[in-house]
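A.B. asks: Attaching a single structure in structure tokens format; questions to follow.
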């Protein structure tokens with residue numbers, strides 16, 4: 001009985017550690033991807049949040065340079 005309890009403690013600790021590492025990696029990937037998107041994608045497509053059916057050529061707020 002003692003061995004089963006000890007095994008259960010080890011398994012819970014092991015899977016807790018694995019889960020913590022997986023959560024940290026997922027958090028890192030999400031934040032790093034968001035930084036990349038903000039730096040490259042969002043700067044290339046500034047009208048990303050606008051209605052995609054709107055024609056940006058007709059927008060009076062666009063400055064033609």
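Residue numbers (UniProt numbering): 1 to 65.
For every residue, glycine included, the Cβ atom is placed at its ideal position computed from N, Cα and C.
Would you say residue 11 lies against chain D (beta-carbon separation less than 9 Å)?
C.D. replies: Absent here is chain D; the protein component of the structure consists of one chain.
A.B. asks: Could you check the C-alpha separation between residue 32 and residue 3 for me, to the nearest Å?
C.D. replies: Your numbering for residue 32 matches position 32 in the chain shown. Your numbering for residue 3 matches position 3 in the chain shown. In a straight line, the C-alpha of residue 32 is about 43 Å away from that of residue 3.
A.B. asks: Between which two residues does the alpha helix (DSSP H) harbouring residue 35 extend?
C.D. replies: Here the question's residue 35 lines up with position 35 in the chain shown. 2-36 is the extent of the alpha helix (DSSP H) around residue 35.
A.B. asks: Ordered along the chain, which non-local residues of its own chain (more than five positions away) have a Cβ less than 8 Å from that of residue 36?
C.D. replies: For this step, residue 36 is matched to residue 36 along the chain shown. Within the same chain, residue 36 has no close Cβ partners at all.
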